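Contents: one structure, followed by commentary.
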Amino acid sequence: MSERHDAIDRLRAADPARGVEPDLAALRARVDAGRTAAQVDAPHDPSRAGSTGGTVVDLAERRRRRGLRLGAAAAGVALLAGAFGLGRTFGVPEAGTPSAAPAISLDRTQPEAASSGPASLDASTAIYPAPSSRHTTFRSQGLSDDGGSAVAWAYDATARFGPDQVRELGAAVGLSGEPRQEFGAWVLGPQDGTGPSLSVAPDGMTSVSFYDPTKEPFRCAAVGGGTEPGAVTEPAPAIEPGATEPGATGEDAATSDMVEPLPAESCGPVDLGPAPTGEAARAQAADVLTAAGLDPASFELVDTALGDTTMTEVLAHHVVDGRRTGASWYIMLTGAGVQSFSGPVAPLVELGDYPVIGAASAVERLTDPRFSDLGTLSIMRDDVDPAAAEGGADDTVTSEVAPDAAFPTEPPAPVTAGQPVPWPVEEVAITGATLGVAQYTTPSGAAMLLPAYALTSEDGRTWSVLAVAEGSLDLAS
139 MSERHDAIDR LRAADPARGV EPDLAALRAR VDAGRTAAQV DAPHDPSRAG
189 STGGTVVDLA ERRRRRGLRL GAAAAGVALL AGAFGLGRTF GVPEAGTPSA
239 APAISLDRTQ PEAASSGPAS LDASTAIYPA PSSRHTTFRS QGLSDDGGSA
289 VAWAYDATAR FGPDQVRELG AAVGLSGEPR QEFGAWVLGP QDGTGPSLSV
339 APDGMTSVSF YDPTKEPFRC AAVGGGTEPG AVTEPAPAIE PGATEPGATG
389 EDAATSDMVE PLPAESCGPV DLGPAPTGEA ARAQAADVLT AAGLDPASFE
439 LVDTALGDTT MTEVLAHHVV DGRRTGASWY IMLTGAGVQS FSGPVAPLVE
489 LGDYPVIGAA SAVERLTDPR FSDLGTLSIM RDDVDPAAAE GGADDTVTSE
539 VAPDAAFPTE PPAPVTAGQP VPWPVEEVAI TGATLGVAQY TTPSGAAMLL
589 PAYALTSEDG RTWSVLAVAE GSLDLAS
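Residue numbers (our numbering): 139 to 615.
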């Protein structure tokens, strides 16, 4: 028997009520003794439960009747493509200002966007499942309900997954050796951070990632120890408890069970020179895409200054019919060259035309639980307002909030007896609809690009919903 089960048995044995059966008759008599005879004999009246004499006000007759169904507060999903990690310092895209429309995403909700920083975020960008006290219904205003057809695509994840593809891409970034399969992914190079490494994952879009620690300007390099730029310092070998340290004799050897920590190595950043920017950075990023078997012309390249001159990030957004698809590459450049990159390499295969619903019907889908997916919400956009960039926006963004706004100083007033339950419902008028494509992952993990609507309200907020007609959906799979 395991130690865990032994401990549980000892705990049960120490229970003073172990083996004692409750006296239900005595408990029933004790409860009834505290109630009046009328209360004991009277049938249950739900209207009196918790009553303190107040009267619930019936507001049904005061409301204007609406013919719309109530939906979930976040029935739509965001159009924010590309979430960045929190805590990083982000710059403003320089050349290569975004020109393609933002990606449509079937699991995100996008508010109106005047800025790309956290300071501009409102309640509609809160991370799900944050609590909400507002509920939403939708109605179309001036939208046509004419359907039609649109092209759908599938990502062929099998086309570029295998040792040959990994070997070819590895050669393009200076990696040699024989690819091996670890945890399902094909890898090349060490995976412990001691040298350049490449991996290709067996997901629906065949995601590739590359990392070269020798081109990382912020790695620890010995100061005054003669370490050459581009070299990675090796840690000293650890001494096992009980082992004798090499060269130790006498008392030192006898006390070697007490392992003393090694002194911290004095180190500093490596000077790799300034990272490329502008056209030079985008040209290096295009070379990476070409090496991966992709056409740079089908991507929108945006280089971003990260607050210093040592690193430049280039975002390569895949574009179809003038709109980003949500498939993006992240390429990091330093003065030594390409330091890291990640992105999908699965090619798109056209599936032909699929029937699509009209815009007005798409608004109705926002309140249909079969199409309203409360997924993870991004808190940052993948594009920046060009006007803000030209106006000299600050290179850094922070998530600081004024103390008065973030922390209430008094608790909320309690709900009183007879008070109607606060249940605010917002009716949103959808006045604009754009038909595009959005990424979708099937239950099997296969990835697709499907026709989807971006639906916009009068105040600029945007929701998205699948546009494929129900007759072309397998609702049983």
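From the three backbone atoms N, C-alpha and C, an ideal C-beta is built for every residue, glycine too. Because the structure is a prediction, the values reported are computed rather than measured.
Asked: Residues bridged to L439 [DSSP beta-bridge criterion]; Found: A454
Asked: Minimum length 3: unbroken beta strand (DSSP E) runs contained in the stretch 549-582; Found: 563-579
Asked: E564 vs T296 beta-carbon contact at 8 Å; Found: no
Asked: For M586 and T580, the rounded distance between their alpha carbons; Found: 8 Å
Asked: Bridge partners - G275, DSSP secondary structure assignment; Found: It is worth fixing the name first, because residue 275 is Thr in this sequence and not Gly. The partner list for T275 (beta bridge, DSSP) reads E565.
Asked: Contact set for S287: own chain, Cβ-Cβ below 8 Å, skip 5 residues either direction; Found: D491, Y492, P493, V494
Asked: Bounding residues of the beta strand (DSSP E) (the contiguous stretch that carries D491); Found: 486-494
Asked: Segments assigned beta strand (DSSP E), at least 3 residues, entirely inside the stretch 273-342; Found: 273-278, 286-293, 318-320, 323-326, 335-338
Asked: Distance, A497 Cα to P560 Cα; Found: 32 Å
Asked: V553, buried or exposed, once every other Cβ within 10 Å from all chains shown has been counted against 16; Found: exposed
Asked: Per-residue burial, R462 [other beta carbons within 10 Å of its own, 16 or more giving buried]; Found: buried
Asked: Closest residue to S499 among P351, A590, A424 (Cα-Cα distance); Found: A590
Asked: Close-in-space but distant-in-sequence residues of the same chain around P317 (CB under 8 Å, 5 per side omitted); Found: P301, V304, R305, G308, W324, V325, L326
Asked: Reduced DSSP secondary structure (H/G/I, E/B, other) of T352; Found: helix
Asked: Close-in-space but distant-in-sequence residues of the same chain around A339 (CB under 6 Å, 5 per side omitted); Found: A323, S345
Asked: Assigned secondary structure, L427 (DSSP; H/G/I helix, E/B strand, else coil); Found: helix
Asked: Where A421 sits in the DSSP three-state scheme; Found: helix
Asked: Enclosing beta strand (DSSP E) for R461 [first to last residue]; Found: 461-472
Asked: DSSP-derived helix/strand/coil call for V501; Found: helix
Asked: Strand pairing of P482, partner residues [DSSP]; Found: S345
Asked: Endpoints, beta strand (DSSP E) assigned at S595; Found: 585-595
Asked: Outcome for L604 when other beta-carbon atoms lying within 10 angstroms are tallied against a minimum of 16; Found: buried
Asked: Inter-stretch contact at 8 Å, needing at least 3 Cβ pairs: the stretch 443-454 / the stretch 462-477; Found: yes
Asked: Boundaries (first-last residue) of the beta strand (DSSP E) holding T600; Found: 600-604
Asked: Pairwise C-alpha distance: Y349 and V370; Found: Residue placement at V370 is poorly supported in this model, since its pLDDT is 45, which falls under 50; the coordinates are not used for a value here.
Asked: Buried or exposed (CB count within 10 angstroms, at least 16 for buried), P558; Found: exposed
Asked: Chain-order list of residues whose beta-carbon lies under 6 Å from that of S337 (same chain, five-residue window excluded); Found: A323, V325, S347
Asked: Beta-carbon proximity check, A464 vs S243, cutoff 8 Å; Found: Strictly speaking, residue 464 in this sequence is Gly, with Ala absent from that position. Closer than 8 Å, so yes.
Asked: Rounded straight-line distance, which links the Cα of V566 to that of G280; Found: 13 Å
Asked: Residues that S243 bridges to, as DSSP identifies them; Found: Q577
Asked: Beta-carbon gap between H455 and F479 smaller than 8 Å; Found: no
Asked: Beta-carbon gap between I568 and S595 smaller than 8 Å; Found: yes
Asked: Buried versus exposed call for V487 [16 or more other C-beta atoms within 10 Å across all chains shown]; Found: exposed
Asked: Classification of A525 by the beta-carbon crowding that lies within 10 angstroms, buried from 16 upward; Found: At A525 the pLDDT is 39, less than 50, meaning the model places this residue with poor confidence; the figure from the coordinates comes in the next sentence. Exposed, by the Cβ-count rule.
Asked: Alpha-carbon spacing of D446 relative to D459, whole angstroms; Found: 35 Å
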